[in-house]
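Single-structure report; data block below.
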Amino acid sequence: MTDLTKAPEPRLDIPPRFRPSGVATAVAITIGLVVVHWYAAVQTNTSPKELLEGWRGLWNFLFGVDRTYPNGKTIHQDGAFPLDLRWSETIRPGLEYCLLTIWIGLLGTTLSIPVALFFAVISSRTTNRFAPLWLTGRAVMSVLRAIPETVYALMFIAAVGFGAFPGVIALAIHNVAVMGKLWSEAMDEVDQGPVEALRVAGASPAQSAAHAVLPAVMPSLLGLLLYRFDTNVRSSVILGTVGAGGIGFFIKTEVDSFHFDTMMTYVCMVIVLIIVIDLFSAWLRRKVGTV
Amino acid sequence: MGADHLSGAAMLRIDGLRKAFGEKTVLDGLAFEVASGEVVSLLGANGSGKSTSLRCVVGLERPDGGTITVDGVTAKPGEAMPTVAMVFQKIHLVPRRSVLDNVCAGALGRLGLSRSWSVLAFPREVQAEAMACLDRVGLADRAREKAGRLSGGQQQRVAVARALCQRATVLLADEPVSALDPAASEQVMNLLRSLADDDGLAVAAVLHQPNLARRFSDRILGLAGGRLVFDSRSAEVTDETVASLYRPALEALEAAESAESAESAEMREYA
Ligand SMILES: Nc1ncnc2c1ncn2[C@@H]1O[C@H](COP(=O)(O)OP(=O)(O)OP(=O)(O)O)[C@@H](O)[C@H]1O
Ligand SMILES: [Mg+2]
Numbered sequence: 003m004t005d006l007t008k009a010p011e012p013r014l015d016i017p018p019r020f021r022p023s024g025v026a027t028a029v030a031i032t033i034g035l036v037v038v039h040w041y042a043a044v045q046t047n048t049s050p051k052e053l054l055e056g057w058r059g060l061w062n063f064l065f066g067v068d069r070t071y072p073n074g075k076t077i078h079q080d081g082a083f084p085l086d087l088r089w090s091e092t093i094r095p096g097l098e099y100c101l102l103t104i105w106i107g108l109l110g111t112t113l114s115i116p117v118a119l120f121f122a123v124i125s126s127r128t129t130n131r132f133a134p135l136w137l138t139g140r141a142v143m144s145v146l147r148a149i150p151e152t153v154y155a156l157m158f159i160a161a162v163g164f165g166a167f168p169g170v171i172a173l174a175i176h177n178v179a180v181m182g183k184l185w186s187e188a189m190d191e192v193d194q195g196p197v198e199a200l201r202v203a204g205a206s207p208a209q210s211a212a213h214a215v216l217p218a219v220m221p222s223l224l225g226l227l228l229y230r231f232d233t234n235v236r237s238s239v240i241l242g243t244v245g246a247g248g249i250g251f252f253i254k255t256e257v258d259s260f261h262f263d264t265m266m267t268y269v270c271m272v273i274v275l276i277i278v279i280d281l282f283s284a285w286l287r288r289k290v291g292t293v
Numbered sequence: 004m005g006a007d008h009l010s011g012a013a014m015l016r017i018d019g020l021r022k023a024f025g026e027k028t029v030l031d032g033l034a035f036e037v038a039s040g041e042v043v044s045l046l047g048a049n050g051s052g053k054s055t056s057l058r059c060v061v062g063l064e065r066p067d068g069g070t071i072t073v074d075g076v077t078a079k080p081g082e083a084m085p086t087v088a089m090v091f092q093k094i095h096l097v098p099r100r101s102v103l104d105n106v107c108a109g110a111l112g113r114l115g116l117s118r119s120w121s122v123l124a125f126p127r128e129v130q131a132e133a134m135a136c137l138d139r140v141g142l143a144d145r146a147r148e149k150a151g152r153l154s155g156g157q158q159q160r161v162a163v164a165r166a167l168c169q170r171a172t173v174l175l176a177d178e179p180v181s182a183l184d185p186a187a188s189e190q191v192m193n194l195l196r197s198l199a200d201d202d203g204l205a206v207a208a209v210l211h212q213p214n215l216a217r218r219f220s221d222r223i224l225g226l227a228g229g230r231l232v233f234d235s236r237s238a239e240v241t242d243e244t245v246a247s248l249y250r251p252a253l254e255a256l257e258a259a260e261s262a263e264s265a266e267s268a269e270m271r272e273y274a
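Protein sequences, first through last, are from chains W and A. Following this note's numbering, the numbering of the first sequence begins with 3 at its first residue and continues without gaps. Following this note's numbering, the numbering of the second sequence begins with 4 at its first residue and continues without gaps.
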């Protein structure tokens, strides 16, 4: 019998935690990472000196600066603070621009639903077992996704001119690709049991999609849809800065005309807008999850 | 008990069925028949190929060889047969859908997409037929409830109703009662028996309870290593015959255990 009250005699060597080859690999990786980052810093002029000068510029931008010109005149350039809180000139139009941003995000999301659903269904192995078709679906979505929303927006602005509409189209196209992928992944993870049961009953792939897969994944799809709405409202702010309407467009115009205080008011409104949309979408997603 | 049906021609006939997953042979020339009005039980140790054989019949697996005929029609490998339905241990209803909609789904094979793209498109005749099927399993009063709200035994009966709505003549059941309590098991087995006796279905059920198999089936088939090792009238199957089915597995288990205890004895000695 072993005496359990005493520590057992040491019998086996403890295997080393680190092997020499492992240490060499770790050192090589570390050196590689340092070199890559140093090169990136050189290429981007990132240095403590730049950072310090940048700070001064930022300070002037935030709180204003008195500029003395060679002719002896001194002109005060307003900074971002104090904020521009004029109601009818700034805040009320700002609220309208924010609403427009929401409408762009909403339409961009909603208009993409039918096509995203089509791509999701043909790109999921659960709903489509014909390999060439789902490969095509995935390939098309990858290509569409590779182009950022901003680039779509620039193209459509070139085609139809400034305004909210090119923003909606840009968001919708990009969202087809992103939401289609998220949705098809949700469908891939669905329980195969009911799908098989309906296949035994003679259901076609489209019928199993409608009667086994979609009912099972509907809450996930809704959750992802709300998440995309949230993200698309953010994106629509950015699209505005390249000319596709909404609050982003006016942030850009105010910066261009050196009205930093008005711009900062709009930025604060964006912060509130994003937080409100985020809370709203999180709340709705919780609701959907419990259905 | 249904013995008079035995003379009937085989509704389901399986011959020389072979299936391998990679190197592993799972079905090795399996052959058996099930007649209309007959309940046949399949017994066998875990991994003996019971589920795989049923899945080959309904086209969920593609057999490597052999023939499957249903009412004289030869099945195409890997394709579903309209007249063969299957119920599963895990039931596989859509829990979020109503009981009635789940039963209607059994009719999908004979509905075009225009009449089945959504539950709203199901024709009235199909819904009426589904209600009749639900009535057959005694659950017509639960039609509008969500399937997920029903008990396991009730859900399994809904799955049987879905099979009926498919207008199946052959009903396969893979461990239909393994997840159910004794009372619910009894109810489901009675239902299967009555579908054979009163509606003339050919029923083949994989069971892990030899007692249920003896009580509810006309014949018992024993499977081991993907082959049929016995095919006898239920009354003629002795405890010894049944036990022998599971013995190889038991022996393997004992062998593994004794090897393990020998090993630990060695370790103790060493210490
Ligand atoms: N899709 C698959 N891929 C690889 N191997 C499989 C697959 N399906 C089944 N098998 C293997 O085939 C063998 C037989 O499986 P099968 O499910 O038919 O056994 P069973 O008799 O139904 O057993 P159980 O009583 O556990 O349900 C098992 O060894 C299993 O691991
Ligand atoms: Mg099995």
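Note that CB positions come from ideal geometry on N, CA and C, so glycine has one too.
Margin query: Please report the distance separating the alpha-carbon of isoleucine 253(W) from that of serine 186(W).
Written below: Taking the first sequence and counting its residues from 1, the one referred to as residue 253(W) is at position 251. Taking the first sequence and counting its residues from 1, the one referred to as residue 186(W) is at position 184. Distance between the alpha carbons of isoleucine 253(W) and serine 186(W) is about 37 Å.
Item checked: Listed by chain order, chain A residues near proline 196(W) by CB distance under 8 Å -> As a working note, residue 196(W) is residue 194 in the first sequence. Near proline 196(W) (Cβ distances below 8 Å), the residues of chain A are His95, Leu96, Val97.
Next item on the list: Name the residue from Leu63(A), Arg145(A), Phe125(A), Val206(A) whose alpha carbon lies nearest to the alpha carbon of proline 179(A).
Entry: Position 176 of the second sequence, counted from the first residue, corresponds to residue 179(A). Per the Cα distances, Val206(A).
Notebook entry, point to check: How would you write the range of the beta strand (DSSP E) that glycine 68(A) sits in, first residue to last?
Noted result: The sequence position of residue 68(A) within the second sequence is 65, counting from 1. Looking at the DSSP string, the run of the beta strand (DSSP E) that includes glycine 68(A) is 68-73.
Note to self: Short of 6 Å in beta carbon distance, which residues of its chain neighbour arginine 145(A), apart from the five on each side in sequence? Order them along the chain.
What the structure shows: As a first step, residue 145(A) must be located in the second sequence, where it is residue number 142. Cβ neighbours of arginine 145(A) beyond the five flanking positions: Val102.
Notebook entry, point to check: Are glutamate 151(W) and serine 237(W) closer than 8 Å when you measure CB to CB?
Noted result: In the first sequence, residue 151(W) corresponds to position 149, counting from 1. In the first sequence, residue 237(W) corresponds to position 235, counting from 1. Yes.
Note to self: Spatial neighbours of isoleucine 94(A) within its chain, please: C-beta separation below 6 Å, excluding the five flanking residues on both sides.
What the structure shows: Here residue 94(A) refers to the residue found at position 91 when the second sequence is read from its first residue. Once the five neighbours on either side are set aside, the close Cβ partners of isoleucine 94(A) are Gln158, Gln159, Ala162.
Check: Taking 7 Å as the cut-off, is the CB of threonine 55(A) close to at least one heavy atom of ligand 1?
Finding: Looking up residue 55(A) in the second sequence gives position 52. Yes, the beta carbon of threonine 55(A) sits closer than 7 Å to at least one heavy atom of ligand 1.
Note to self: Quick check: is any heavy atom of ligand 1 less than 7 Å from the C-beta of serine 51(A)?
What the structure shows: Position 48 of the second sequence, counted from the first residue, corresponds to residue 51(A). Flag set: Cβ of serine 51(A) near ligand 1.
Checklist line | Pairwise C-alpha distance: aspartate 184(A) and leucine 248(A) | finding: Position 245 of the second sequence, counting from 1, holds the residue named residue 248(A). Position 181 of the second sequence, counting from 1, holds the residue named residue 184(A). When the Cα atoms are used, leucine 248(A) and aspartate 184(A) turn out to be separated by approximately 24 Å.
Checklist line | Residues, ordered as in the chain, of the region 112-130 of chain A that lie near chain W by beta-carbon distance below 9 Å | finding: Gly112, Arg113, Leu114, Leu116, Ser119, Trp120, Ser121, Val122
Notebook entry, point to check: Run through DSSP, which three-state label would aspartate 278(A) get?
Noted result: Beyond the ends of chain A as shown, which are 4 and 274, falls residue 278(A); an answer cannot be given.
Next item on the list: Can you grab the Cα-Cα spacing for the pair arginine 1(A) / serine 181(A), in whole Å?
Entry: Absent from the model: residue 1(A). The displayed extent of chain A is 4 to 274, so no value can be given.
Margin query: Counting beta carbon pairs with one atom in the region 121-136 of chain W and one in the region 152-163 of chain W, are three or more of them shorter than 8 Å?
Written below: no
Checklist line | Endpoints, beta strand (DSSP E) assigned at valine 235(W) | finding: Within the first sequence, residue 235(W) is the residue found at index 233, counting from 1. Where valine 235(W) is concerned, there is no enclosing beta strand (DSSP E), although the alpha helix (DSSP H) it sits in stretches over 216-243.
Next item on the list: Kindly indicate which residue of Val61(A), Val60(A), Ile223(A), Arg170(A) has the alpha-carbon position closest to the one of serine 44(A).
Entry: Within the second sequence, the letter at position 41 stands for residue 44(A). Measuring from the Cα of serine 44(A), the nearest candidate turns out to be Ile223(A).
Next item on the list: Confirm the yes/no value for this check: CB of phenylalanine 233(A), any heavy atom of ligand 1, distance under 7 Å.
Entry: Residue numbering aside, residue 233(A) sits at position 230 when the second sequence is read from its first letter. Phenylalanine 233(A): no, Cβ never under 7 Å from ligand 1.
Notebook entry, point to check: Under the criterion of a Cβ to heavy atom distance below 7 Å, does glutamate 178(A) qualify as lining ligand 2?
Noted result: Here residue 178(A) refers to the residue found at position 175 when the second sequence is read from its first residue. Yes, the Cβ of glutamate 178(A) comes within 7 Å of a heavy atom of ligand 2.
Notebook entry, point to check: Does the beta carbon of valine 209(A) fall short of 7 Å from some heavy atom of ligand 2?
Noted result: In the second sequence, the residue the question calls residue 209(A) occupies position 206. Valine 209(A) Cβ: within cutoff of ligand 2.
Check: How would you write the range of the alpha helix (DSSP H) that isoleucine 93(W) sits in, first residue to last?
Finding: Position 91 of the first sequence, counted from the start, is the residue given in the question as residue 93(W). Note, isoleucine 93(W): premise wrong, no alpha helix (DSSP H); not H, not E.
Item checked: Proximity to leucine 109(W) [Cα-Cα], best of Trp285(W), Asp263(W), Val235(W), Val244(W) -> As a working note, residue 109(W) is residue 107 in the first sequence. Minimum Cα distance to leucine 109(W) is reached at Val235(W).
Notebook entry, point to check: Taking the C-alpha atoms as reference points, what is the distance between methionine 143(W) and serine 259(W)?
Noted result: In the first sequence, the residue the question calls residue 143(W) occupies position 141. In the first sequence, the residue the question calls residue 259(W) occupies position 257. So the two alpha carbons sit approximately 40 Å from each other.
Item checked: For glycine 110(W), three-class secondary structure by DSSP -> As a position in the first sequence, residue 110(W) is number 108, starting the count at 1. Residue state, collapsed to three classes: helix.
Item checked: Beta-carbon neighbours of alanine 208(W), restricted to chain A and to distances below 7 Å -> Within the first sequence, residue 208(W) is the residue found at index 206, counting from 1. Near alanine 208(W) (Cβ distances below 7 Å), the residues of chain A are Leu116.
Margin query: glycine 96(W) and tyrosine 268(W) - do their beta-carbons sit closer together than 8 Å?
Written below: Your numbering for residue 268(W) matches position 266 in the first sequence. Your numbering for residue 96(W) matches position 94 in the first sequence. Yes.
Item checked: Completely contained beta strand (DSSP E) runs for the region 159-212 of chain A, where each covers 3 or more residues -> 173-177, 205-209
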